[in-house]
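> First the structure, then my questions, so here it is.
Numbering (the working numbering), first residue to last: 96 to 485.
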């Protein structure tokens, strides 16, 4: 079985050189300064729930957004490992990165790969400065796991396209400037519903767009949104990439969405914050639990780093990304489950200030971890198909 898996999945080994270590120290110093001077309060699920345009712009000023992109588009032409280090440190610190996260992680890369020269020059430099934010426009109420069932349509008219439909679970759409929308541009083929889909860069300030917040368990009214498009007039150059190639473009985008360290570090800040208190009450049971969590995190990090190397080499590791996302989601939940045991018997007075709120918010956000970027069932189907099991 091990040999079979090795033939299917590729997670190349990655080593950090001195430039990586120097960068990590710089990011940690920056985060310490920001935290100590009131720049942010650490939180779980920070890449979804904590948006600070000021913090995003500070990262842009450091050159830590658009790190992989060509300099002509505002980027910095740095290695994928450098970007991985920055994102890993931001997540581990619980920093407020939600404003720019999707734009820097995937939308910008989509525009760089498939966009026109005008789209690249107009949007990418603003993302790299931390001034432009994007939302994902894939899921619909009847087309979440079954993405090919999208009903949102874009019909050609004299000067461009007319967009109609609804998107749901649009993270951060209420503060974003653009949404990359997957829409049907020609009728579905009964034999292959993936045909006839296209992607559009939609300016969210256009008339006919209504964004409504969806209140989550933590009480936030606008972490997720439903976005309505009613006769929205799009210019011809809103089309991203090639008409009818939306499905293929989305699949390459999902590899970026599923493979990063946010897929297993969302709740890490809870564990790190609680460790000093846990250490005061160390025993064999707690040591075993910490050891298990540490080992699992190390393995996931190794796999995620391997994907960063594959992406740097120009590959599209769709199945490897599905593995990291599926295992990582379970790891995020496992951290919270094990924390309940680790903290059992520890007086509240010995816990860090603000920890109960941190843990509460993490628990309330847990259900969404298994949904965004693909449900567990869908991910397992992708993996099984690659293994020849379906």
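Glycine is no exception: its CB is placed at the ideal position from the N, C-alpha and C atoms.
Give me the DSSP bridge partner(s) of residue 284.
287
> Is there contact here, the stretch 330–348 with the stretch 275–295, by at least three beta-carbon pairs under 8 Å?
yes
> Residue 172 and residue 123 - do their beta-carbons sit closer together than 8 Å?
Not a contact, by the Cβ cut-off of 8 Å.
> Spatial neighbours of residue 357 within its chain, please: C-beta separation below 6 Å, excluding the five flanking residues on both sides.
142, 186
> Which runs of the alpha helix (DSSP H) fall wholly inside the stretch 382–458 and span at least 4 residues, in chain order?
413–437
> Could you tell me which residues DSSP pairs with residue 256 in its beta bridges?
For residue 256, the beta-bridge partners assigned by DSSP are 251, 329.
> Touch check for the stretch 299–308 and the stretch 237–256: three-plus C-beta pairs under 8 Å?
no
> In terms of residue numbering, what span does the alpha helix (DSSP H) encompassing residue 363 cover?
363–375
> Could you give the DSSP three-state label for residue 153: helix, strand or coil?
Note: residue 153 maps to helix in three-state DSSP.
> What did DSSP end up calling residue 292 once you bin it into helix, strand or coil?
In the structure shown, the three-state DSSP call for residue 292 is strand.
> Helix, strand or coil, according to DSSP, for residue 308 in the structure here?
Residue 308 falls in the strand class under three-state DSSP.
> Nearest-angstrom Cα distance between residue 413 and residue 213?
29 Å
> With burial defined as no fewer than 16 other Cβ atoms inside 10 Å of the residue's Cβ, what is the status of residue 505: buried or exposed?
Any property of residue 505 remains undetermined from this structure, which presents the chain solely from 96 to 485.
> From residue 444 to residue 453, what distance separates their C-alpha atoms?
15 Å
> Does DSSP classify residue 140 as helix, strand or coil?
coil
> With a threshold of 7 Å on Cβ separation, who are the neighbours of residue 97 within its own chain once the five nearest residues in sequence on each side are excluded?
Low confidence applies to residue 97: its pLDDT is 45, below 50, so where it sits in the model is not reliable enough to give any reading.
> Are the beta-carbon atoms of residue 407 and residue 174 separated by less than 8 Å?
yes
> Thinking just about the alpha-carbon of each residue, which of 150, 396, 233 is nearest to the one in residue 130?
150
> Once DSSP output is grouped into helix, strand and coil, what is the label at residue 360?
helix
> Let me know the secondary structure DSSP gives residue 125 once reduced to three states.
helix
> How would you label residue 374, buried or exposed, when you count the other beta carbons within 10 angstroms and need 16 or more for buried?
exposed
> Just tell me which of 394, 199, 279, 368 has its CA closest to the CA of residue 261.
Distances from the CA of residue 261 to each of 394, 199, 279, 368 were compared; the closest alpha carbon is that of 279.
> What's the gap between the Cα of residue 337 and the Cα of residue 133?
45 Å
> Go through its chain and collect everything with a Cβ distance to residue 311's Cβ below 6 Å, but skip five positions before and after it.
Non-local beta-carbon contacts of residue 311 in its own chain, meaning distances under 6 Å to residues more than five positions away in sequence, involve 318 in chain order.
> Give the DSSP-derived three-state secondary structure of residue 135 in the structure shown.
coil
> Among 331, 482, 199, 370, which one has its Cα closest to the Cα of residue 298?
The residue with the shortest Cα to Cα distance from residue 298 is 331.
> What alpha helix (DSSP H) runs, 4 residues minimum, are completely inside the stretch 173–200?
175–188, 193–197
> Can you tell me whether residue 383 is buried or exposed? The criterion is at least 16 other CB atoms within 10 Å of its CB, across all chains shown.
exposed
> State yes or no: is the C-beta of residue 275 within less than 8 Å of the C-beta of residue 335?
yes
> Beta carbon of residue 459, beta carbon of residue 369: below 8 Å?
no
> Measuring alpha carbon to alpha carbon, tell me which of 236, 306, 195 ends up nearest residue 221.
195
> Buried or exposed for residue 325, please, with buried defined as at least 16 other CB atoms from any protein chain shown within 10 angstroms of its CB.
exposed
> Look at the alpha carbon of residue 139 and the alpha carbon of residue 153, and state the distance between them as a whole number of angstroms.
21 Å
> At what residues does the alpha helix (DSSP H) containing residue 203 begin and finish?
203–209
> Does the Cβ of residue 101 have 16 or more other Cβ atoms within 10 Å, making it buried, or fewer, making it exposed?
Residue confidence for residue 101 is low, a pLDDT of 49 falling below 50, so the modelled location carries little weight; the figure read from the coordinates is stated next. By the neighbour-count rule (16 or more Cβ atoms within 10 Å), residue 101 is not buried but exposed.
> Can you say whether residue 99 is buried or exposed, counting buried as having 16 or more other CB atoms within 10 angstroms of its CB?
Legend: pLDDT at residue 99 = 48, less than 50; position of this residue unreliable, value from coordinates given subsequently. Looking at its Cβ environment, which holds fewer than 16 other Cβ atoms inside 10 Å, residue 99 is exposed.
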